[in-house]
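Note that the working numbering has the sequence shown beginning at 22, numbered continuously upward.
Beta carbons are placed, not taken as given, at the ideal position from N, Cα and C, and that holds for glycine.
A short write-up of the structure that comes next.
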Amino acid sequence: MTTSLPRPGRVRPRRLRTTTAMRRLTAETRLHPAELVLPLFVREGLTEARPIASMPGVLQHTRDSLKGAVSDAAAAGLGGVMLFAIPEVRDAVGSQATAPDGILNLAIADAVAEAGDALVVQADLCLDEFTDHGHCGVLTPAGAVDNDATLVRYAEMALAQAAAGAHLVGLSGMMDGQVGVVRDALDDAGHDQVAVLAYAAKYASAFYGPFRDAVESQLEGDRRTYQMDPANRREAAREVAIDIAEGADVVMVKPAMSYLDVLADVAAVSTVPVSAYQVSGEYAMIEAAAAHGWIERERAILESVLSIRRAGADHVLTYFATELAAWLAEEKS
Ligand code: PBG
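Pasting the structure below:
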């Protein structure tokens with residue numbers, strides 16, 4: 022009796038994996054610099070850019086060095102930059118967020134001057150970098166985050182950012198009604214072309230840890246009364262529906278890697294572009310493991326961003342954006 026090898030039949034999925042060319046042809050998802058957005062930090066009063074210990078490779082920029090980073094981002098063909106700023110003086114209502122010469126507003130103008138129309142210049146619209154208590158809004162006398170009073174500050178902040186030339190404002194505070202209030206304020210002031218990105222499904226995440234170093238956060242406690250509970254999936258669809266109804270031009274899921282299920286859900290129902298934020302802790306995990314030689318850095322970065330796109334994100338905010346774009350350019354040549 023002759024023994025024959027088992028045969029899988031006619032269907033052999035491995036045929037499509039045989040060569041680089043075959044894999045390239047059949048890849049379902051591709052990365053492109055235009056869909057990458059680079060978050061950047063600028064700190065008031067610095068004379069020299071400063072490293073952030075928990076985010077190796079990421080800097081707190083001076084106004085000058087920020088311009089260099091923006092111009093590199095434009096040269097790399099990125100879709101945009103998202104600006105965060107650290108003021109020298111903080112107070113209860115985050116006054117520097119709305120001061121025309123506040124560091125974030127100055128940085129927006131600098132970035133627009135540097136990049137022209139080559140990048141979508143986006144700004145974080147949230148109070149946490151500007152308040153002395155570190156919360157994303159103003160507080161009631163009892164110390165709770167006051168939703169409706171915060172909306173007034175967000176509207177003022179939107180106007181300051183639009184006046185500075187922001188193309189898009191990123192509402193990351195998770196206050197109820199924030200998109201509608203900001204949209205109305207912008208429209209009433211003639212800024213109807215400034216786009217609103219809603220951090221629609223933003224979770225109260227441990228993965229923001231390094232970011233809080235980056236912005237020297239003074240927060241005590243947590244943001245669980247306004248950011249979403251990591252246990253919740255269905256609620257993301259509710260937040261997205263509300264934000265789109267209020268006029269959001271883009272919705273975001275944040276963090277990204279631990280929320281790919283949420284991202285896939287949102288991508289399936291959203292009528293506007295979907296963004297995802299690979300946050301500071303995701304960045305730090307990859308960098309730390311790579312620094313130990315425990316994972317291959319470049320492959321891990323590519324795979325992580327690819328997975329976020331595969332799950333349904335149209336754009337990805339990632340601290341790897343400029344470097345990643347350079348790799349993508351090399352691949353083509
Ligand atoms: C709020 C804001 C945060 C991040 C982006 N916008 C911090 C927070 O919600 O605590 C985190 C981004 C990151 O971790 O990379 N202004």
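Run of the alpha helix (DSSP H) containing residue i, from where it starts to where it stops
| i | result |
| --- | --- |
| Ser296 | Ser296 -> not in any alpha helix (DSSP H); beta strand (DSSP E) instead, spanning Val295 to Gln299. |
| Arg51 | Neither: Arg51 is in no alpha helix (DSSP H) and is coded neither H nor E. |
| Leu140 | Run containing Leu140: none; DSSP gives neither H nor E here. |
| Ser279 | Segment: none, Ser279 is in no alpha helix (DSSP H) and carries neither H nor E. |
| Val200 | Gln199 to Asp209 |
| Arg35 | Counting along the chain, Arg35 falls outside any alpha helix (DSSP H), and DSSP gives it neither H nor E. |
| Arg259 | Arg255 to Ala266 |
| Glu324 | Arg318 to Arg331 |
| Asp122 | Unbroken run through Asp122: none, as it is neither H nor E. |
| Gly230 | Gly230 to Ala235 |
Beta-ladder partner(s) of residue i, from DSSP
| i | result |
| --- | --- |
| Tyr224 | Met249 |
| Ala216 | Leu189 |
| Gln81 | Phe62 and Arg71 |
| Phe341 | In the DSSP output, where bridge partners are listed per residue, Phe341 has none listed. |
| Val91 | BP columns for Val91 are empty, so no partner. |
| Leu160 | Val166 |
| Thr152 | Asp112 |
| Asp145 | Gly191 |
| His336 | Ser296 |
| Leu57 | Val337 |
Status (buried if at least 16 other CB within 10 Å, exposed otherwise) for residue i
| i | result |
| --- | --- |
| His53 | exposed |
| Gly314 | exposed |
| Arg204 | buried |
| Thr119 | buried |
| Pro231 | buried |
| Ala252 | exposed |
Element boundaries [beta strand (DSSP E), containing residue i]
| i | result |
| --- | --- |
| Met273 | Val271 to Lys275 |
| Val102 | Gly101 to Ile107 |
Residue from the options whose Cα sits closest to the Cα of residue i
| i | options | result |
| --- | --- | --- |
| Gly242 | Thr119, Cys157 and Met195 | Cys157 |
| Arg111 | Leu240, His212 and Leu46 | Leu240 |
| Ala170 | Gln143, Asp145 and Gln199 | Gln199 |
| Ala113 | Arg233, Arg174 and Pro77 | Arg174 |
| Ala90 | Ala118, Val287 and Leu61 | Leu61 |
| Gln248 | Leu160, Ala222, Gly164 and Asp282 | Ala222 |
| Thr246 | Ala312, Ala179 and Gly164 | Gly164 |
| Leu349 | Arg28, Ile129, Leu57 and Leu37 | Leu57 |
| Leu37 | Arg31, Pro29, Leu46 and Gly30 | Leu46 |
| Gln143 | Ala185, Ala130, Gly137 and Leu189 | Leu189 |
| Asn126 | Gly115, Asp167, Ala106 and Glu135 | Ala106 |
Report task. Take every Cβ of the stretch 33-49, pair it with every Cβ of the stretch 75-87, and state whether three or more of those distances are shorter than 8 Å. Result -> No, the stretch 33-49 is not in contact with the stretch 75-87.
Query raised in the report: Any contact of the stretch 287-305 with the stretch 256-275, i.e. 3+ C-beta pairs under 8 Å?
Result: Flag = yes, the stretch 287-305 and the stretch 256-275 touch.
Report task. Report yes or no: do the stretch 335-343 and the stretch 93-109 share at least 3 C-beta pairs separated by less than 8 Å? Result -> Cβ pair count under 8 Å is three or more, so yes.
**Report entry** Three CB pairs or more closer than 8 Å across the stretch 142-149 and the stretch 184-195
**Finding:** Contact between the stretch 142-149 and the stretch 184-195 is established, with three or more Cβ pairs separated by less than 8 Å.
Report task. Determine, using beta-carbon pairs with one atom in the stretch 266-280 and one in the stretch 218-235, whether at least three such pairs fall under 8 Å. Result -> At 8 Å Cβ cutoff, the stretches touch.
Query raised in the report: Given 8 Å as the limit, is there contact between the stretch 324-337 and the stretch 296-311, that is, 3 or more CB pairs closer than that?
Result: The answer is yes - the stretch 296-311 touches the stretch 324-337, with three or more Cβ pairs under 8 Å.
Report task. Determine contact between the stretch 282-291 and the stretch 310-325, defined as no fewer than three beta-carbon pairs at a distance below 8 Å. Result -> In short, these stretches do not touch, since the Cβ pair count stays below three.
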